[in-house]
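Heads up: the sequence shown is residues 1 to 472, going by full-length UniProt numbering. Even glycine gets a Cβ: it sits at the ideal position worked out from N, Cα and C. The structure appears right after this line, and notes come after that.
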Amino acid sequence: MPELTPADTVWTKACSALRRELGEADFGSWLSQAALREGAAGALVLVTPTGVARDWIRRNAWRRIAELWAQNDPQGRHLDLKSRMEFEAEAGPASSASPAVVVSPLEIADPVSTDAAPAAGRGRSAALGGLQERFTFDTFVVGPANEFAYAVAKRVASWADGHFNPVVIHSSYGFGKTHLMNAMAWEAMRTQPTRKVVYLSAERFLSTFVRAVMDRATTAFKEELRDADLLLIDDVHFVGGKQSTQEELFHTLTALMEDGRRVVFSTDRPPSAITEIDARLRSHLSAGLVCGIEPADRDLRLGILEKKLDTLGRQQGFAATARPEVLQFLADRFTDSVRELEGALNTLVARAGVGVSRLSLDEAQAILRPHLRGAEKRITIDDIQKATSEHFGLKQADLISERRNRSIARPRQAAMWLAKQLTTRSLPDIGRRFGGRDHTTVLHAVRRIEELKAGDAQLARDLEALARKLRG
1 MPELTPADTV WTKACSALRR ELGEADFGSW LSQAALREGA AGALVLVTPT
51 GVARDWIRRN AWRRIAELWA QNDPQGRHLD LKSRMEFEAE AGPASSASPA
101 VVVSPLEIAD PVSTDAAPAA GRGRSAALGG LQERFTFDTF VVGPANEFAY
151 AVAKRVASWA DGHFNPVVIH SSYGFGKTHL MNAMAWEAMR TQPTRKVVYL
201 SAERFLSTFV RAVMDRATTA FKEELRDADL LLIDDVHFVG GKQSTQEELF
251 HTLTALMEDG RRVVFSTDRP PSAITEIDAR LRSHLSAGLV CGIEPADRDL
301 RLGILEKKLD TLGRQQGFAA TARPEVLQFL ADRFTDSVRE LEGALNTLVA
351 RAGVGVSRLS LDEAQAILRP HLRGAEKRIT IDDIQKATSE HFGLKQADLI
401 SERRNRSIAR PRQAAMWLAK QLTTRSLPDI GRRFGGRDHT TVLHAVRRIE
451 ELKAGDAQLA RDLEALARKL RG
């Protein structure tokens, strides 16, 4: 008889090969969040967080996954592929395939465990929709871009009197709104464990509502939500265009507000800009307290990196540090999303381990090159020279000329610094593109700009604006 091999062991072996074959960037983006689950009748299912991830895996890696699975599983078990929504719909709310914090019609198939999660108490604080244990107030880094939303979230979570209703937190993808939503739920349960907190994504709201309609269980669904003392729904813009779901959400919001219950939503835009949702619902959202989270500035990005680095080190059992120029490179290169910023740091720590503290800037760039290729194709040194000369009111020819007066030398140094940050060109190559200068001149320019922008707020703003413009 074949030796019995645990399914997770088989999947771990397959992942080792896939990471090597696909590369860190693709593996991290599409496969690292997939999880092996046991579905109905013991069937094994690889569950992806989204349908987009499922489709990418099916197109680009599923055949190879099947080969690796067959090679490493002597029992010849079948492996299926589903998105989380598909898996939930088939498994059902009380499926033994996915033990939940507390059984609830709103729980998802991959919740946090009671052992790993922050203490939430028991009793009414039980209806969770997949909270992530790492998203707490303690792990949230506060700065000018998010301090108002953070203060409001802390007030909501403390059950303070005189609250606004509803509270709407909006930001683009990856700036921390889901982190704050999770943090509010954890903190609210910790401070008032006898009150009922319900957290779920709008996608989960939709799928649960649809299933309730199909199962003729809408009364139970409504009671579950409208009995909440605090309801948090993440990414509410997702219900745009889905009329019956919007109708139910509107009535749920109205009922909770009339009873003095607290409601918090997150969206990717201010409510007034979500034109695809019903006007009545949009009006109710706009009538509450609307808190925007702005893109993180450089200081905040550096703070996030330092916090994340410390967390990763403690998780892996060593004091993690990194050279200042490496952290500065990450903060200046990954400006569009905190998730991408943290993902880049995760990659460095995963590759270098305890040696991350010794990584030079060139070594870090080499490790991250797969993540940088998209930007490298879009941004050229010529693009940088054009944008810089236009920003400072110069001619592009001035930047490659021999002229050394400060009005030209400083923008030239800024352009060289941008070239080092936004491309993977070597120092000698950058020097050649700036009038045949040698690499020591470029290195001096990069170091000089690093020194200056730490104390020159206007220069820092100029560089930030140029970087954003170049990235489009």
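- Boundaries of the beta strand (DSSP E) around Val-290: 289-292.
- Per DSSP, reduced to three states, the secondary structure at Ile-379 is coil, with no helix or strand assignment.
- Shown here, Tyr-199 sits in a strand according to DSSP, grouped into three states.
- Within the same chain, Arg-155, Val-156, Arg-262 come within 8 Å of His-163 by CB-CB distance, once the 5 residues on both sides are set aside.
- Here Lys-395 is exposed: its Cβ has fewer than 16 other Cβ atoms, across all protein chains shown, within 10 Å.
- Relative to Gly-313, the option among Glu-294, Ala-212, Val-349, Leu-327 whose CA is nearest is Val-349.
- Glu-38 carries a strand assignment under DSSP once its states are collapsed to helix, strand and coil.
- Short of 8 Å from the beta carbon of Leu-361, and not among the five residues preceding or following it, lie these beta carbons of its own chain, in chain order: Arg-323, Glu-325, Val-326, Phe-329.
- Asp-80: member of the beta strand (DSSP E) spanning 79-83, first to last residue.
- Sequence-distant partners of Leu-463 (beyond 5 residues in either direction) whose C-beta falls short of 8 Å from its own C-beta, in its chain, are Asp-332, Ala-414, Trp-417, Leu-418, Ile-449, Lys-453.
- In the three-state reduction of the DSSP assignment, Arg-262 falls in the strand class.
- Per DSSP, the beta-bridge partners of Val-168 are Phe-265, Val-290.
- By the C-beta density criterion, Tyr-173 is exposed, having fewer than 16 other C-beta atoms within 10 angstroms.
- A distance below 7 Å between beta-carbons, with the five flanking residues on each side excluded, links Phe-148 to the following residues of its chain, in chain order: Cys-291.
- With a cutoff of 8 Å on beta-carbon distance, Asp-235 and Ala-202 are scored as near each other.
- The shortest C-alpha to C-alpha distance from Ala-352 to any of Glu-342, Glu-363, Thr-275 is the one to Glu-363.
- The DSSP-derived three-state label of Asp-138 is helix.
- Under the three-state reduction of DSSP output, Asp-332 falls in the helix class.
- Taking 8 Å as the cut-off, the Cβ atoms of Thr-245 and His-170 do not count as close.
- Shortest Cα-Cα distance from Leu-46 to any of Met-181, Val-142, Arg-19, Ile-65 involves Ile-65.
- Put simply, of Val-142, Gly-130, Ala-7, Phe-135 the residue whose alpha carbon is nearest the alpha carbon of Gln-75 is Ala-7.
- Per DSSP, the unbroken beta strand (DSSP E) holding Val-47 starts and ends at 44-48.
- Distance between Val-152 and Thr-191, taken at the CA atoms: about 16 Å.
- Going by DSSP, Ile-233 is part of the beta strand (DSSP E) stretching over 230-234.
- Counting only unbroken stretches of 4 or more residues, the alpha helix (DSSP H) elements lying wholly within the segment 318-362 are 324-333, 338-352, in sequence order.
- One alpha carbon belongs to Phe-265, the other to Pro-166, and they sit about 7 Å apart.
- Excluding five sequence positions before and after Phe-87, the CB atoms of its chain that fall closer than 7 Å to its own CB belong to Arg-37, Gly-39, Val-45, Val-47, Ala-109, given in chain order.
- In terms of Cα proximity to Thr-50, the closest of Lys-82, Ile-430, Arg-282 is Lys-82.
- Taking the C-beta atoms as reference points, Gly-431 is found nearer than 8 Å to Thr-441.
- Counting only residues of its own chain and dropping the five nearest sequence neighbours on each side, Gly-241 has a CB closer than 7 Å to the CB of Glu-276.
- Here the segment 270-284 makes contact with the segment 245-261; the two share three or more CB pairs at distances below 8 Å.
- Between the segment 175-184 and the segment 138-145, the count of Cβ pairs shorter than 8 Å is three or higher; the stretches touch.
- Contact between Leu-466 and Ala-344 fails: their C-beta atoms lie close to 20 Å from each other, not under 8 Å.
- Nearest Cα to Thr-335 within the set Arg-298, Ser-272, Ala-217: Arg-298.
- In this structure Gly-130 is buried. Its beta-carbon is surrounded by 16 or more other beta-carbon atoms within 10 angstroms.
- Distance from the CA of Arg-204 to the CA of Phe-238, rounded to the nearest whole angstrom, comes to 10 Å.
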